[in-house]
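I have placed the structure first, in the form of structure tokens, so that the comments after it can refer back to it.
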Amino acid sequence: MHNKFSKKNFFHALTVVLIFWLMSVNTYAAGQISLVINGEAFQAHDANGNEIYPLVYENRTYLPVRAIAEVFGKPIDWDGFTNTVYIGNKGSGVNSYSDEVRIVLDGSIFVYYDENGTQLKPIIVNETSYLPLRGAAMAFNKQIEWSAEERTVYITDKEESISLQENSVQTGDLRSVLAANIENYNTEEIDISEYNISCDELKTLVSDIVNRPEFYYVASSFMYSHYDNIVQNVRFDYTIGKSIVEQARQANASGEYKILFIGDWDSITDSTYKDRLENIFYEVYPRLVRRWGDENTSKAIILKADKNFDMGENVVGFTHGYLISFSTAFANKNPRDVGFFAHELTHAVQQYIHLDSSWWTENMANYGRFRYYHWAGDDLLKLDYYSPSVRDWNYEPYGNCMWFFAYMDSKYPTVKNADGSLEYGLIDSLNRAVRSGRVRTDGGSTQSDADFNSIVSEITGFPDIDSLREQYIKELNDKSWLFTGFDGYADNFITENIPGVKDPVYNRP
Ligand SMILES: [Zn+2]
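Positions in the sequence shown are counted from 1; adding 537 to them yields the numbering used here.
In structure tokens form, the structure reads like this:
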């Protein structure tokens, strides 16, 4: 089954490094803690209506985040698929799964520290998320005090913090300061207290600067001032090392494809493994970039063999910007199974930072692997016309949709006009719309997103993707659509004749 290959994920290329561990807490201080909001006693309830209370864990007091959010009129949402708690406006959302619970506050990932600069993390107890007092105070912009004597938490309104947007000259200055520090690989703390910038504003500014291929490998951390919600300093990390970043930058500057290896390659027992992945890279990645990337897509990929890779038993690889990590344990167990790498390479090309759904993301990655790696190699896969799994996949992230994608490309391909311009077909139009942010979700299990389906409708005449699937089933049933391989596909011109890359061999099933 192809499904056993890489799962998850495609992770927002950079922004800020924010780490909230999911902790399971089995024991905590007993004894109910009272809550007083603006002078009035308040009883919090969980999502099922049960009474819940603030709790103390490892000498820190935590508040139930949903109940507090509701009091202050902030919508709150939990997305188990990406492991994210949304407070306030969701913004474009998070499209990647993380092992660690993340909090997205009004569209930005939320990170906070204690007075000693230690990052604080939410905890989850009995399926309810709790934030430490200090984090809750920042998230809701309230004054929050804990009286151990009275075993009571007091929450009161406070004055608004200063906004930087009033002073754009200052923002411009700060932007150049930060950009220069990234350019120079400065890993020291940078004091920015004089800029009076809030964490949200800083995150926007920094992600704007680093959201360029050559900076995808930069992570940042911010330190808050305790009292006024103002960021005091910033630190940048070059997570994979200066020389690797430098080589990636050089490859992009010269326009040459380049794979860079880091990590635990010594742990892989098959001596041909690395060479085979390298060959896949130089054969498959240029095709994928031609088909679904653009001029900003990185020509360099950093491939990390990770002997400590641990993202659950079904997860083999993971793509974060242009860094792909994979499990050496998987490699040693399945030395012939290298197709996952083509799946991850498709994710690297996608860079779907706006998309908050995974059916499209994952199944297109499977199709990328199928069409531009398996099919073009000698691992042939044959369509079973009668298999239920090729007909209905419930829009699962790892459904058996490769044939449906092949169908879409056969019926609605990208073609070249007489003047050389391109007329985009269905898959390529959806890819472009997702990349640009015009489409932000595929609608999840119901596939009901209006933007997504408006593109389906523009190109195919069918009102939505599921109607197209029904048509596909009809054609499978009466065999009016036969799959005889990819030769003859009208869009092959996109991935052929790439300098330095041999053309695919379209073997027949
Ligand atoms: Zn994937």
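We put the CB at the ideal spot given by N, CA and C, even for glycine. A quick note: this is a predicted structure, and the numbers were derived from the prediction, not measured.
Taking the Cα positions, tryptophan 912 is about 30 Å away from glycine 980. The residue from Lys844, Tyr794, Val976 with its alpha-carbon nearest to that of aspartate 803 is Lys844. Valine 573 is positioned such that its CB atom lies closer than 8 Å to that of threonine 689. Our two residues, serine 994 and threonine 1021, have alpha carbons roughly 27 Å apart in a direct line. For asparagine 990, the enclosing alpha helix (DSSP H) starts and ends at 987 to 997. Counted as a single uninterrupted DSSP element, the beta strand (DSSP E) harbouring valine 593 occupies residues 592 to 594.
The alpha-carbon of valine 852 is positioned some 25 Å away from that of serine 666.
At least one heavy atom of ligand 1 lies less than 7 Å from the C-beta of alanine 902.
In the structure shown, histidine 857 adopts extended strand secondary structure according to DSSP, grouped into three states.
The beta carbon of histidine 880 sits closer than 7 Å to at least one heavy atom of ligand 1.
Per DSSP, reduced to three states, the secondary structure at glycine 800 is strand.
Residue pairing by DSSP places phenylalanine 773 opposite Ser757 in a beta bridge. Annotation: the continuous beta strand (DSSP E) that includes alanine 842 extends over 837 to 843.
Burial of glutamate 738 is indicated by the presence of at least 16 other C-beta atoms within 10 angstroms of its C-beta.
Proximity of the beta carbon of glutamate 850 to ligand 1 is not indicated: no heavy atom of the ligand is located closer than 7 Å. For the pair leucine 600 and leucine 657, the CB atoms are not nearer than the 8 Å cut-off. Taking a 10 Å sphere around the C-beta of alanine 879, we find 16 or more other C-beta atoms and assign the residue as buried. Each of Ala788, Gly1025, Gly854, Gly858 was checked against the Cα of alanine 868, and the nearest Cα belongs to Gly854. In the structure shown, tyrosine 949 falls within a coil segment according to DSSP collapsed to helix, strand and coil. Annotated three-state conformation of valine 747 is helix, per DSSP.
Secondary-structure assignment with DSSP links valine 690 through a beta bridge to Leu572, Trp683. Note on lysine 953: under 16 other CB atoms within 10 angstroms of its CB, so exposed under the neighbour-count rule.
With a cut-off of 8 Å on Cβ pairs, the region 832 to 843 is not in contact with the region 889 to 898, counting fewer than three such pairs. Just so you know, the alpha carbons of serine 758 and threonine 997 end up roughly 46 Å apart.
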